Amino acid sequence: MESKLSAAWSQEQIFHFDDNATRDEVYSIDTPPPTASGSLHVGHMFSYTQTDVVARYKRMRGKEVFYPLGWDDNGLPTERRVQNYYGVRCDPAKPYDPHYAPPEKPAKNQRDWDMISRRNFIELCETLTVKDEKVFEDLFTTLGLSVDWRQTYRTIDDHSRTVSQRAFVRDVRSGNAYTAEAPTLWDVTFRTAVAQAELEAKERPSAYYRYPFKDSAGKEVIIATTRPELLPSCVALVAHPEDERYQQLVGSTVTSPLFDVEVPVLAHPLADPEKGSGIAMICTFGDMTDVTWWRELNLPTRAVIGRDGRLSGDTPQWITTPQGRDHYQQLAGKTVHSAKEAVIDLLQTSGLMRAEPEKITHAVHFYEKGDKPLEVVTSRQWYIRNGGRDAERREQLVERGRKITWNPSFMRSRYENWVEGLNGDWLISRQRFFGVPIPVWYPLNSAAEPDYDHPILPAEDQLPVDPASEPAPGFAESQRGESGGFMGEPDVFDTWATSSLTPQIAGQWERDSDRFQRVFPFDLRPQGHDIIRTWLFSSVVRANSLHDTVPWTNTAISGWILDPDRKKMSKSKGNVVIPNEPLEQFGADAVRYWAASAKLGADTAYEISQMKIGRRLAIKLLNASKFAFGMGVTEEHVIAPGSDPTIITEPLDQALLAKLRSVIEQATEHFDNYDYARALSVSESFFWSFTDDYVELVKDRAYGAQGEPAQASVRATLATALDKLLRLFAPVLPFATDEVWRWWRHGSVHAASWPEPSELDAVAGSPAVLDAVAAGLTSLRRAKAEANVKQRTEILSARISGPQQEMDSVRSALQDLQAATKSQVLELESTEGAPQEIVVSELALAEAATA
RNA sequence: GGAUCUGUAGCUCAGUUGGUUAGAGCGCACGCUUCACACGCGUGAGGUCGAUGGUUCGAGUCCAUUCAGAUCCA
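With this note's numbering applied, the first sequence covers 649 to 1499.
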């Protein structure tokens, strides 16, 4: 059923975007491009279904839905996957081998992996991502996503590279992007700079080591530090300006132990009197606080840690005493880790350690994909202004956030928290291979040294460019690296620098302006709350500087998927569920039901039981429909504006449709508020009362036992109810509903319109009638259950008593009730006074046989 | 340290702007092979709404304090 319908939707082009629609008619969705090199996860099914439910609803509401889906395939995750999958490594110095073929199986030992050229490496990235993307597309199709697959993009394809480079060139020209030599967070494993958004703070055990500096009088000033290996790069000591212990020292100089470097003692409010001994070493650079001190106190740079994470092999020239130079020689070339041990050893043998190390745990910054703490090194990088260094721009970006409707609304405070906590501009250059090249060149002077202050930008019609293989405008390739020539920028963009432009990429910015103005700013950005600080924020930054607007007007934030024990699913815990399993076991509709019954923003457990309910609902929908069609229901029986409503003669039938009308109203309202879960639950509870009570009550009449007009009334009611119900469930259960739709209607339910309450204007009636009769039905069923007889046992006579109004309602459907409960005589009695329950008494049963 | 979310039946959750006796599904108990459906149907038991105080004629819902869990930011 599922593959048959998927094929039909594709063939009937139901999800194709029509470029003739006006902006008002369009509903555009900027979907997260999944990282195809990552593993498939049930979380993908969860959040993408939630988006799809909205897309299908909007389509039925008559919107021309623009629903593309891209693949985020550039960057480090892909590089790592290619390395591990093929067993290769990139060596940019190697020449290109046009006949290269990767090993059949990757070598077990990383040392035996093939070293291949950058171009060969990128070719493998291209091959593997295409393969991975197919797997994702298959899953999403099976899940029933109503994506327009013609609009697919890849964040590494020519178009994406062009958009990314164009946006960058414009940002450079408008001053929103710039290059600077500055201290930068650096991952020594991946040898690349890292942005604030990619940080992860992890609690790590560490220890304070205490040792003395000496003032001019030879008095000891004890400092406590967790990073004694940075002692050779110490440029100052710092204490809080109001810390009385150190006030008289501020302004004087002290001499460092082991290395005999004279450094000033300074005051700064960021020094925490509670931490360690209250006075800290400033080293260039131990962390971002050092960077702040260095900048605000105008300190010199004394870097000793290189990009490889090792201490410089040359003894720094600021260490001048023979003893100091000797001590440094014992550290030169060591990794941070062994340098730390060596310094501790030196301090101990010199008798300078003033206390036992004090063990602590503290938060250390890691690259989210790395496993070594980040270092701070000075390097030349490209930045995009994001308000991190500019209060006015920050305020502007907070304001943009307020122009977006957040679903759920509280997610906005995550955005504002993040924006307000920024401490620097967005670093967008990465020292990697598989990414969008930064499209700049630098002129070389007569000594072949680059002039970074005058980068050469490409013309926009030249894009995309690769400065590593194409010469700078106005130069010949032969001038590369020559004095008076040029050099290409070797770095690539951070993946977010491209991903932040998905609205521009999908909307064909500057490539098809007609398309772009129809879809931008987009109507909806769905995504997870983990990437508010990255993808969402960076997109707002780009739209702000490039278009002076928000990128979208609504955002729908999905929750996380937790395992049934409320733990986050992760590979290392071994609790990951492969998406195909539930799809095969329960079907796409069931999985979608599970996803669609969770509210936006709510972290949700992976619940098989919820999927079982979904499957039961889908099957019930098929069976109830079969019943209706078995009763001779056809398309002609559907009551629509213009058809004769007087055919619905029975108050019970009128009551059902009156109730349905209010269900439609409520479901529509909830859907409009992006509360698809409540829309579903409203429709669902109506549907169960429809099958359990209404259908049971009218069976006798449907078989024709009460004459033709009464039967015609049922047929019209069943047809009309089914017509609305199938459409109400279509966004969540696209397969079951369309299957049924095609049994008796033309085309697909997904091309049909969302039901309107006005479709039922012609039918008058009170929902209370159904409630009262259903209550009577339940009372009689209960009476039989309590009498311990089978439900099909005949009732010779019984008395039902209850409030006057309810008894009137019951009387209006007495024949149906009698038939459904196999009752020969039902006596109705109105009770006086306060509202009372419906009570069954004086029950006389046909057979004495107990159940 | 700052911010946000969550706490309701054994479990998973709903409960809109305060308004009768707090709901659903699963699970549990009992019963039913009823002519759409055993991938099913019926009936039932089960809750002092985390705690305390306040506002109100009236609080699961609003306010304050507090406890527990989670997340984000620093």
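Virtual Cβ for every residue (Gly too), placed ideally from N, Cα, C. Quantities reported herein were computed from a predicted structural model and do not represent experimental measurements.
Beta-carbon proximity list for residue i, same chain, < 6 Å, skipping 5 on both sides
{"i": "Val-1046", "result": "Glu-1064 and Val-1067"}
{"i": "Gln-965", "result": "none"}
{"i": "Val-795", "result": "Tyr-715 and Leu-717"}
{"i": "Ala-755", "result": "Gly-735 and Trp-761"}
{"i": "Ala-1492", "result": "Leu-1444 and Ser-1445"}
{"i": "Pro-1138", "result": "none"}
Local Cβ density within 10 Å of residue i, reported as buried at 16 or more and exposed below that
{"i": "His-888", "result": "buried"}
{"i": "Arg-798", "result": "exposed"}
{"i": "Asp-1292", "result": "exposed"}
{"i": "Ala-872", "result": "buried"}
{"i": "Gln-844", "result": "buried"}
{"i": "Asp-1114", "result": "exposed"}
{"i": "Phe-663", "result": "buried"}
{"i": "Trp-1391", "result": "exposed"}
{"i": "Leu-1444", "result": "exposed"}
{"i": "Met-763", "result": "exposed"}
{"i": "Leu-885", "result": "buried"}
{"i": "Ala-1107", "result": "exposed"}
{"i": "Ala-1011", "result": "exposed"}
{"i": "Gly-899", "result": "exposed"}
{"i": "Glu-1407", "result": "buried"}
{"i": "Thr-803", "result": "buried"}
Contact under 9 Å by Cβ, residue i with residue j
{"i": "Pro-725", "j": "Thr-683", "result": "yes"}
{"i": "Ser-842", "j": "Gly-686", "result": "Looking at the sequence itself, residue 842 is Val, so the reference to Ser does not match. Going by C-beta atoms, Val-842 is not nearer than 9 Å to Gly-686."}
{"i": "Asp-863", "j": "Val-911", "result": "no"}
{"i": "Gln-813", "j": "Leu-1111", "result": "yes"}
{"i": "Ser-1187", "j": "Pro-1199", "result": "yes"}
{"i": "Arg-1041", "j": "Asp-1142", "result": "no"}
{"i": "Phe-981", "j": "Val-909", "result": "One point to set straight first is that residue 981 is Gly, not Phe, in the sequence displayed. Taking 9 Å as the Cβ cut-off, Gly-981 and Val-909 do not qualify as a contacting pair."}
{"i": "Thr-1197", "j": "Pro-1169", "result": "yes"}
{"i": "Val-1487", "j": "Ser-1427", "result": "yes"}
{"i": "Lys-1051", "j": "Thr-1182", "result": "no"}
{"i": "Val-1397", "j": "Val-1388", "result": "yes"}
{"i": "Leu-1465", "j": "Leu-1425", "result": "yes"}
{"i": "Leu-959", "j": "Leu-833", "result": "no"}
{"i": "Val-674", "j": "Val-1225", "result": "no"}
{"i": "Pro-1087", "j": "Gly-1133", "result": "no"}
{"i": "Lys-1007", "j": "Pro-853", "result": "yes"}
{"i": "Phe-1319", "j": "Pro-1230", "result": "no"}
Per DSSP, cross-strand counterpart(s) of residue i
{"i": "Tyr-1324", "result": "DSSP output for Tyr-1324 lists no bridge partner at all."}
{"i": "Lys-617", "result": "Because the chain in this structure spans residues 649 to 1499, residue 617 falls outside the shown range and cannot be described."}
{"i": "Gly-823", "result": "None; Gly-823 has no bridge partner."}
{"i": "Pro-1174", "result": "Ala-1204"}
{"i": "Val-674", "result": "Glu-712"}
{"i": "Thr-1252", "result": "Ile-1209"}
{"i": "Lys-1216", "result": "Leu-1210"}
Neighbourhood of residue i by C-beta, 7 Å cutoff - its chain only, sequence neighbours within 5 removed
{"i": "Phe-1335", "result": "Leu-1373"}
{"i": "Pro-1357", "result": "Thr-1297"}
{"i": "Lys-1307", "result": "Phe-1334, Pro-1415 and Leu-1418"}
{"i": "Arg-1060", "result": "Gly-1049 and Trp-1054"}
{"i": "Asp-666", "result": "Glu-712"}
{"i": "Lys-742", "result": "Met-763, Ile-764 and Ser-765"}
{"i": "Leu-793", "result": "Tyr-696 and Asp-700"}
{"i": "Ala-1499", "result": "For Ala-1499, the predicted model reports a pLDDT of 40, less than 50, meaning its position is unreliable; a value from the coordinates is still stated below. Taken in chain order, the residues that qualify are Asn-1436, Val-1437 and Lys-1438."}
Neighbourhood of residue i by C-beta, 8 Å cutoff - its chain only, sequence neighbours within 5 removed
{"i": "Gln-1258", "result": "Tyr-1241, Trp-1242 and Ser-1245"}
{"i": "Tyr-976", "result": "Pro-880, Phe-907, Thr-963, Pro-964 and Ile-967"}
{"i": "Val-1362", "result": "Met-1279, Glu-1298, Asp-1301, Val-1346, Arg-1349 and Ala-1350"}
{"i": "Asp-745", "result": "Ile-764, Ser-765 and Asn-768"}
{"i": "Gly-1249", "result": "Asn-1055, Pro-1056, Phe-1058, Met-1059, His-1177, Ile-1205, Ser-1206 and Gly-1207"}
Touching by the beta-carbon criterion (3+ pairs, under 8 Å), the stretch 922 to 941 and the stretch 813 to 820: no
Contact the stretch 1151 to 1169 vs the stretch 801 to 815: 3+ CB pairs below 8 Å: yes
Cβ pair count under 8 Å reaching 3, the stretch 946 to 961 against the stretch 874 to 882: yes
Any 3 or more C-beta pairs closer than 8 Å across the stretch 706 to 713 and the stretch 786 to 793: no
The stretch 650 to 660 in contact with the stretch 763 to 775 per 3-pair CB rule at 8 Å: no
Segment contact flag, the stretch 852 to 871 with the stretch 1096 to 1105, C-beta cutoff 8 Å, min 3 pairs: no
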